[in-house]
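Comments concern the structure below.
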Amino acid sequence: FHSTDTAFPHPRVTLLAPSTAIVTFPLPMFSGMRRTHWVAAPLARGLGLSGASDVLSAAALLPSPPAASSSFARPSLGSEAAAAAPASVSLRGYQTFPSDFVTLNSIADLPQAIKKGKRVGRGPGSGLGKTCGRGHKGQKARSGVSRKYGFEGGQNSFIRSLPKRGFHNPHQVVYWPLNLDRIQSWIDQGRLDTSKFITMKELQEAGVIRKKVPEHGVKLLARGAANFTSKIQLQISQVTPKAREAVERNGGSVTTVYYNKLGLRALLKPDWFAKKGRLLPRPVQKPPPRFVDRYQLVGALPPVPEHCLPPGTGGAAELGGTHAA
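First residue of the sequence shown? That's 1 in UniProt numbering, and the numbers climb one at a time after it.
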């Protein structure tokens, strides 16, 4: 098969489907490199391509060669192709994209997505001309006026004339909630050692609780109590009756321990005091009167690791490592 265009000697046409074909031909300007063009589906339908013989008859519609000055020039239809192709047929080279593709330069906001700003004082035709929408005189028409929300000129405002709803308790005690199913999950994964007492320090190091614990500590809740099967010795701030019952059912124990804000920091972050060059806090004798019935013990700090000790200290006992806090 030979092309009628001498610039494209010996092209090869491959039929992929009734509506799609590939035309491959060598380009002299690329020293024998082959360039592939797809015959668009509208062209195939317009010519009625249904077999190999029909595809070969479309060789006269081969695109003209790209300009020598640019290797990325868009191919165009030859004179014979322009005469034979229907008006609705579109033949595109591999360098161009169909019009329905989304490109960076075709992305736009939806209509009226950006509201046009008001331009005041620009004539009566805009409706915001002379007085700029402020009306005549008065405090609201002046510049530099700042009135707080709900101000009604000095009279009793609408907000103050109604009773307030809700209450904020400044003495509220907030605990970090910890459920039994989470502890059981950590034990099943081997991430929590049950052979020793588990304090809030061990829970934090294992990742059971977050690093930033509220100042009143952690409270154990009973979610997952029916599936809790581990025997643990737990020291924690607070516990619900159902959670305590689930732990003691498996032979374990839960002890509520009181730490003040500074003592809880010394328990969870003893290296913070060493970094600041400070001693551990002094022991707390007993909880405040309103907390006396909530706790069984006053928290005792574990011995401080040697790498957390300030230089020149004799040991953990010298820092109050075994004292109550």
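The beta-carbon is built from N, C-alpha and C at its ideal position, and this holds for glycine as well.
On a predicted model such as this, the values are computed, not experimentally measured, just so you know.
State the Cα-Cα distance for the pair residue i and residue j, rounded to the nearest angstrom.
| i | j | result |
| --- | --- | --- |
| A246 | L234 | 12 angstroms |
| N169 | V213 | 20 angstroms |
| G224 | G252 | 16 angstroms |
| Q285 | V298 | 8 angstroms |
| E248 | V254 | 8 angstroms |
| G166 | V239 | 28 angstroms |
| T199 | K275 | 23 angstroms |
| P163 | R290 | 31 angstroms |
| K140 | G125 | 23 angstroms |
| P283 | P241 | 29 angstroms |
| Q112 | G154 | 41 angstroms |
| P288 | Y295 | 11 angstroms |
| T131 | K118 | 13 angstroms |
| V145 | D109 | 37 angstroms |
| W38 | L104 | For W38, the predicted model reports a pLDDT of 41, less than 50, meaning its position is unreliable; a value from the coordinates is still stated below. Cα-Cα distance, rounded: 24 angstroms. |
| F151 | R142 | 16 angstroms |
| P281 | K201 | 17 angstroms |
| R35 | I107 | Low confidence applies to R35: its pLDDT is 39, below 50, so where it sits in the model is not reliable, and the reading given next is rough at best. If I take the Cα positions, the gap works out to 31 angstroms. |
| L267 | I159 | 47 angstroms |
| V257 | V173 | 15 angstroms |
| I114 | V102 | 21 angstroms |
| G135 | K116 | 22 angstroms |
| S237 | G277 | 28 angstroms |
| G138 | R147 | 13 angstroms |
| P270 | Y175 | 21 angstroms |
| W272 | V208 | 21 angstroms |
| Y149 | R191 | 54 angstroms |
For the candidate residues the options, whose alpha-carbon lies nearest to that of residue i?
| i | options | result |
| --- | --- | --- |
| V120 | L128, V218, I114 | L128 |
| P177 | R210, A113, P287 | R210 |
| N260 | V292, D100, V239 | V292 |
| L221 | N179, K137, E202 | N179 |
| H171 | H216, S143, R160, K116 | H216 |
| Q189 | V173, A206, Y175 | A206 |
| R244 | K219, L267, N156, R265 | K219 |
| R122 | R278, G133, L280 | G133 |
| K196 | I159, L264, I232 | I232 |
| L262 | T256, Y149, L279 | L279 |
| V204 | G138, R265, R147, D100 | Per the sequence presented here, residue 204 reads as Gln, with Val not at that position. Here the closest residue by C-alpha is R265. |
| N250 | K269, T194, V208, W272 | T194 |
Which residues mark the beginning and the end of the beta strand (DSSP E) in which residue i is found?
| i | result |
| --- | --- |
| Q233 | 233 to 236 |
Which first and last residues belong to the alpha helix (DSSP H) in which residue i is found?
| i | result |
| --- | --- |
| L203 | 200 to 206 |
| L220 | Counting along the chain, L220 falls outside any alpha helix (DSSP H), though it belongs to the beta strand (DSSP E) covering 218 to 221. |
| L180 | 180 to 188 |
| I159 | 158 to 161 |
When every heavy atom of the ligand PLP is checked, does at least one fall within less than 6 angstroms of the C-beta of residue i?
| i | result |
| --- | --- |
| Q172 | This structure lacks the ligand PLP, and indeed carries no ligand of any kind. |
Review point. Between the region 168 to 188 and the region 212 to 231, are three or more C-beta pairs nearer than 8 angstroms?
Key: Short answer: they touch.
Review point. At which residue ranges does the region 245 to 303 contain complete beta strand (DSSP E) runs of 3 or more residues, listed in the order of the chain?
Key: Within the region 245 to 303, the runs of beta strand (DSSP E) that reach at least 3 residues and sit entirely inside it are, in chain order, 253 to 258.
**Study point:** Any beta strand (DSSP E) of 3 or more consecutive residues that is wholly inside the region 105 to 151
**Key:** Restricted to the region 105 to 151, not a single beta strand (DSSP E) segment is unbroken, complete and at least 3 residues in length.
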